[in-house]
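> Below is the structure I would like to discuss, written out as structure tokens.
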């Protein structure tokens, strides 16, 4: 594997389509804003720097979405309970960073993607958005599982993000 990642190679990589349900968990007070990316403006995330907008973090499994929120939410935010949203997603151009062959082409590793230092993953996301990808499939830093990071600003005709259901997360 190269000593330095080759993020310029992102633009030349193939994509996959994605059509399935995903999950997002938010503090109960935000249940009506399950698709909001407003927090991107104020708080950095693994795949965006503070101020970048339109990055929607979801998980392929409900339990993983709960673990993801628990990793970084302030304890006070969790006091009012949690709301879990099941979201229908259809994307045409997704970069699958769970595939070893894709990581090898970029000079990346799974460990680099789940590292506490998010500067590399933010750079990967920036390059992917610039290349027109609509999302990333990525390994979770909250344990085993896969997340789908949706680039809302890159959606095109034929793409879909639609709330199927929102309900409380049981204790």
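In my numbering, the protein residues as written are -3 to 167.
Glycine included, C-beta positions come from ideal geometry on N, C-alpha and C.
Along the chain, which unbroken stretches of the beta strand (DSSP E) at least 3 residues long are found entirely within the segment 72 to 147?
For the segment 72 to 147, whole beta strand (DSSP E) runs of length 3 or above, ordered along the chain, are 78 to 92, 131 to 135 and 142 to 147.
> Where does residue 156 fall in DSSP's three states?
Against the chain shown, residue 156 aligns to sequence position 160. Here residue 156 sits in strand by DSSP.
> Verify whether the separation of the beta carbon atoms of residue 79 and residue 164 is less than 8 angstroms.
Within the chain shown, the letter at position 83 stands for residue 79. Within the chain shown, the letter at position 168 stands for residue 164. Yes.
> Do residue 141 and residue 34 come within 8 angstroms of each other at the CB atom, strictly closer than that value?
By 1-based counting over the chain shown, the position of residue 34 is 38. By 1-based counting over the chain shown, the position of residue 141 is 145. Not in contact: residue 34 and residue 141 (Cβ atoms no closer than 8 angstroms).
> Which residue marks the beginning of the beta strand (DSSP E) containing residue 40, and which one marks its end?
As a first step, residue 40 must be located in the chain shown, where it is residue number 44. Looking at the DSSP string, residue 40 is not in any beta strand (DSSP E), and its letter there is neither H nor E.
> Among 103, 19, 8 and 48, which has the Cα closest to the Cα of residue 161?
Within the chain shown, numbered from 1, the residue matching residue 161 stands at position 165. Comparing Cα-Cα distances from residue 161 to each of 103, 19, 8 and 48, the minimum goes to 19.
> Would the segment 43 to 57 count as touching the segment 89 to 98 if we require 3 or more Cβ pairs under 8 angstroms?
No contact exists between the segment 43 to 57 and the segment 89 to 98.
> Taking the continuous beta strand (DSSP E) assigned at residue 52, which residues delimit it?
Along the chain shown, one-based indexing puts residue 52 at 56. It spans 51 to 55 - the beta strand (DSSP E) in which residue 52 sits, taken as one unbroken run.
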